[in-house]
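Asker: Our numbering applies: residue 310 is where the sequence shown begins, and numbers increase by one.
No residue lacks a Cβ here, since even glycine has one placed at the ideal position from N, Cα and C.
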Amino acid sequence: MGQTKKDINKWVIFAWAVLFSFPLLAQEENPTRSEKHEKWIKEETVYIITPKERAVFNKLETDKERDMFIGEFWRHRDPTPGTPRNEFKEEHHRRIDYANERFGGTTPFDGWATDRGKFYIMLGEPAYIERYVNSNITHPIEIWYFQGKPNLRQAPFFRLMFFRRAGVGDFELYSPLIDGPKELVPTADLQLMKEVAATEGLVDLDSEGRDPSTNIVTATDKSFNYVTDQRDRIASNILREQMLFEIANAAWSSFPGRGDPTNALPSSILMKEIESYPYKKISDDYALEFLETREIVEVSYSVNYINNFSEVNIIQDDSGIFFLNYAIEPEILSVDIFNKNYFANLKVTARVSDLKGKTIYQHSKDFPIELEKKQLEKIGERPFNLHDFFPLNPGNYRVDILFENTVSKEFTSLEKSVYVPATSILMMSPLLLSSKVLEDPTYTEQGKAFQVGELQIYPSLHRQFYQKGTMSIFFQVYGMSQEVKEKGAFEITVLHEGNPIHSETHAVREQESDKSFLLELSLDKFVPDMYQVEVSLKDGATTLLPPKTKSFTVTNYPIPDPWVAAQSNPPIGDPMYAFILGNQLINEEKIDEARDMLKKAYTGKPDELDYALAYARTLLISEEFAEAKQILSPFVERNTESYALYYYLGKSSQEVDAFAEAISFYHKALVLKGNTTDVLNSLGVCYYEIGDKEQAILAWEKSLEVNPDQEKIKKLVEAVKNELIDNLR
310 MGQTKKDINK WVIFAWAVLF SFPLLAQEEN PTRSEKHEKW IKEETVYIIT PKERAVFNKL
370 ETDKERDMFI GEFWRHRDPT PGTPRNEFKE EHHRRIDYAN ERFGGTTPFD GWATDRGKFY
430 IMLGEPAYIE RYVNSNITHP IEIWYFQGKP NLRQAPFFRL MFFRRAGVGD FELYSPLIDG
490 PKELVPTADL QLMKEVAATE GLVDLDSEGR DPSTNIVTAT DKSFNYVTDQ RDRIASNILR
550 EQMLFEIANA AWSSFPGRGD PTNALPSSIL MKEIESYPYK KISDDYALEF LETREIVEVS
610 YSVNYINNFS EVNIIQDDSG IFFLNYAIEP EILSVDIFNK NYFANLKVTA RVSDLKGKTI
670 YQHSKDFPIE LEKKQLEKIG ERPFNLHDFF PLNPGNYRVD ILFENTVSKE FTSLEKSVYV
730 PATSILMMSP LLLSSKVLED PTYTEQGKAF QVGELQIYPS LHRQFYQKGT MSIFFQVYGM
790 SQEVKEKGAF EITVLHEGNP IHSETHAVRE QESDKSFLLE LSLDKFVPDM YQVEVSLKDG
850 ATTLLPPKTK SFTVTNYPIP DPWVAAQSNP PIGDPMYAFI LGNQLINEEK IDEARDMLKK
910 AYTGKPDELD YALAYARTLL ISEEFAEAKQ ILSPFVERNT ESYALYYYLG KSSQEVDAFA
970 EAISFYHKAL VLKGNTTDVL NSLGVCYYEI GDKEQAILAW EKSLEVNPDQ EKIKKLVEAV
1030 KNELIDNLR
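1. Should Tyr437 go down as buried or exposed, given a rule of 16 or more other Cβ atoms within 10 Å for buried?
2. Inspect the beta-carbon positions of Leu992 and Ala1008 and report whether they are closer than 9 angstroms.
3. Alpha carbon to alpha carbon, how far is Asn445 from Lys718?
4. For Thr496 and Ile547, which I take to be in contact (beta-carbon distance under 8 angstroms), what is that distance rounded to the nearest angstrom?
5. The alpha helix (DSSP H) with Gln963 in it runs from where to where?
6. For Leu574 and Glu481, what's the separation of their Cα atoms in angstroms?
7. Which one of Ser744, Glu620, Ser343 has the shortest CA to CA distance from Asp870?
8. Rounded to the nearest angstrom, what separates Met736 and Gly788 at their Cα positions?
9. Our contact map puts Asn694 next to Ala636 with C-beta atoms below 8 angstroms; I'd like the distance itself, whole angstroms only.
10. Are Ile623 and Leu890 close, meaning C-beta to C-beta below 9 angstroms?
11. Given a cut-off of 9 angstroms, decide if Ile430 and Arg411 are closer than it, judged by their beta-carbon atoms.
12. Please confirm whether Phe784 and Leu741 have their CB atoms less than 9 angstroms apart.
13. Could you give the residue range of the beta strand (DSSP E) that holds Leu890?
14. Where does Ala850 sit, in a helix, a strand or coil, going by DSSP?
15. What are the partner residues of Gln456, as DSSP defines its beta bridges?
16. Are Tyr975 and Gly1000 touching if we call contact CB-CB under 9 angstroms?
17. List the endpoints of the continuous beta strand (DSSP E) containing Tyr767.
18. Use the C-beta contact count for Ala596: other C-beta atoms within 10 angstroms, 16 or more gives buried, fewer gives exposed.
19. Closest to Val817 by C-alpha separation, out of Lys674, Tyr886, Ala798, would be which residue?
20. If you drop the 5 nearest sequence neighbours on each side, which residues of the same chain put their C-beta closer than 8 angstroms to that of Lys1070?
21. Between which two residues does the alpha helix (DSSP H) holding Ile591 run?
22. Would Lys491 be called buried (16 or more neighbouring beta carbons within 10 Å of its own) or exposed?
23. Tell me, which residues are paired with Met700 by DSSP?
24. Are the beta-carbon atoms of Phe632 and Ala758 separated by less than 9 angstroms?
25. State the DSSP-derived secondary structure class of Val606, mapped to helix, strand or coil.
26. Under three-state DSSP, which class holds Phe652?
27. State buried or exposed for Val803, treating a residue as buried only when at least 16 other CB atoms are found within 10 Å of its CB.
28. If I measure Cβ to Cβ from Leu1083 and keep anything under 6 angstroms in the same chain, skipping five residues before and after, which residues do I get?
29. Using the C-alpha atoms, what's the distance from Ala850 back to Asp905?
30. With DSSP as the reference, label Asp1001 as helix, strand or coil.
31. Residues in the same chain with beta-carbon distance under 6 angstroms from Glu998, minus the five sequence neighbours each way, listed in chain order, please.
32. Rounded to the nearest angstrom, what separates Ala408 and Thr986 at their Cα positions?
33. Taking Ser931 as the reference, give the member of Gly420, Ala557, Glu898 with the closest Cα.
34. Secondary structure at Met552, three-state DSSP: helix, strand or coil?
35. Could you tell me if Pro1074 is buried or exposed, where buried requires 16 or more neighbouring beta carbons within 10 angstroms of its beta carbon?
36. Let me make sure I understand the geometry here. Which of Gly807, Lys725, Leu723, Leu827 has the alpha-carbon closest to that of Gly762?
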């Protein structure tokens, strides 16, 4: 007796289970895992983690172990180790985001959990896709074609077919062996059963193919497989008669160029093998080694976090813009060696949030460092400092800065609450202590942290100063009246164990600036010890501002200057800073202020697309559509490929009743990003406005394919269809 399809399928599944079983590593779940780690194992990496890696992860007992394992997981997949980027990880998360956006609209599940999402995440973008979604011969179908990688033991060229079973629900993966062509062709049903049953003389059927005694289409159990096979054959013939050859071939085979039933079993085996393709990119032996040495790994985790010294200071530029300046000194700086050069890559991520935790601004920068041996020896034991800055609007904020050495995997962080004054009331900034201040007119042409006019200040992060030197004290005072500038004075007081031991006064009118002040304190009179310095603003005996205080230490040995790494940013006044401030204001939902700031940025660099888009965004929100269109139109002539450009132009054209132009822009947006409901819905409105109701319906129906849960669009389609029917009467 021959094997049925059901028997063969059982064998395939059993063979697959044996192939990937690991009896030494039980795959039990750990109920103590955090939500983050549950999501990582069950969602983020569910399609790419090997069975061995999964088993090891399930054995881990602490969050530290799991975090370290996750780091190793991505490191072993990094195609360019030693560089700041992990291109594999970035691409994997891009695929998840795309799957969630593209494939989650017709199912209660997220896009990553659908069949199409699964294979997109595992295999990436298909070489091309054939879609048959409006056929009256088949249920909706997509055929994805892929080029495999033979060096990874993949099939050189294969295809996957997805279909909506019975014409409803989400697209499912089609199996030539389990499903067969009959599942694709809805007409291969009642009449086919009737013909086969009547030919066999199994029962007398009425004109509808039904058994009068049961009122159902029937066949004997003896002939069930035969009837099923006949339906597959007849369905296949229907596909070929209708010249749907690609579907007919794909219905039997996942191998292009083959299209007969003998390929159903090899195709099912291939489909199971495809699920192992992500495993072939990685040797997972490290996972068992990790499990055996996890106690050492946990110690390593603690070592990888290093302490730091830091300084965060708000400084207002002469233009009135406030800048957050920061310096961070890691406890150690590890370097690697390659071709006799020493290198490290430092990554700094800064995040600014308001008091409610909403992100107002965030950036990430890389600071690559490469040194020759002589340079490294010259630096010697000097501490390493990294300096940077960015503009910030008035307000109360929390600043979080993460410092990473991507070569050594060392990291450190700092948190700081900062206040940027919004009014002109009299107030003094915190003190900034330094043992080194350079003066050079060329500094005004640069954009660096802790730079004030012609002065470059190097803050002392340890606040340790040589007894035979001087200590520079920098601060700013805002809102000083002319009377205070003429009569006021700064009083510097040094305290030791809380007791004043030294005091000196500096008249405000004697200073070179009426806002930024740099006072020097000679230290030769202080013995090595710990002290506090206070600076207050007075008018005679009246204290106008309470003192700002900072501690410091005097030593009897010279303190080496730090080795400073700082990127040169554009000079103060560059439109880039207005662009950053404008986007911060958008995040704070201060649209009017954002529009004015972004207009300043755009005016400074009218050829910069990002500046124009940001400004146009605020204009659209403010319903200034004509101006938004005028600003963005020149970029079309440059053949700029930007989804946002054409989407904004479509919106602005639509709002000024230039519907034909809007249609053209919306089509370009769809080409660049694919089908999105916003664009499709707006496109439908524009077609309707120019009287092309058929195209309007097509656009809205395409939108409903992306997201069926749009009741307003459903009602709109129905109403316009009724209009067309009424016009035909």
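Answerer: Per the coordinate set shown:
1. Burial call: exposed.
2. yes
3. 58 angstroms
4. 7 angstroms
5. 952 to 964
6. 19 angstroms
7. Ser744
8. 7 angstroms
9. 5 angstroms
10. Between Ile623 and Leu890, the gap from beta carbon to beta carbon reaches 9 angstroms or more.
11. no
12. Yes, the pair counts as a contact, with Cβ atoms nearer than the cut-off.
13. From DSSP, Leu890 is part of no beta strand (DSSP E) but of the alpha helix (DSSP H) over 884 to 896.
14. coil
15. Phe466
16. no
17. 764 to 768
18. Buried.
19. Ala798
20. Because the chain in this structure spans residues 310 to 1038, residue 1070 falls outside the shown range and cannot be described.
21. Per DSSP, Ile591 belongs to no alpha helix (DSSP H) and is neither H nor E.
22. Within a 10 Å sphere around the beta-carbon of Lys491 sit 16 or more other beta-carbons, which makes this residue buried.
23. The displayed chain sequence assigns Pro, not Met, to residue 700. Phe632.
24. yes
25. Only weak support exists for where Val606 lies, its pLDDT of 48 falling under 50; the value from the coordinates is given anyway. Correct three-state label for Val606: helix.
26. strand
27. buried
28. Since the first and last residues shown for the chain are 310 and 1038, residue 1083 lies out of range.
29. 44 angstroms
30. Asp1001 falls in the coil class under three-state DSSP.
31. For Glu998, the CB contacts under 6 angstroms within the same chain, skipping 5 residues up- and downstream, are Phe968 in chain order.
32. 15 angstroms
33. Glu898
34. coil
35. Nothing about residue 1074 can be read from this structure; the chain reaches only from 310 to 1038.
36. It is Leu827.
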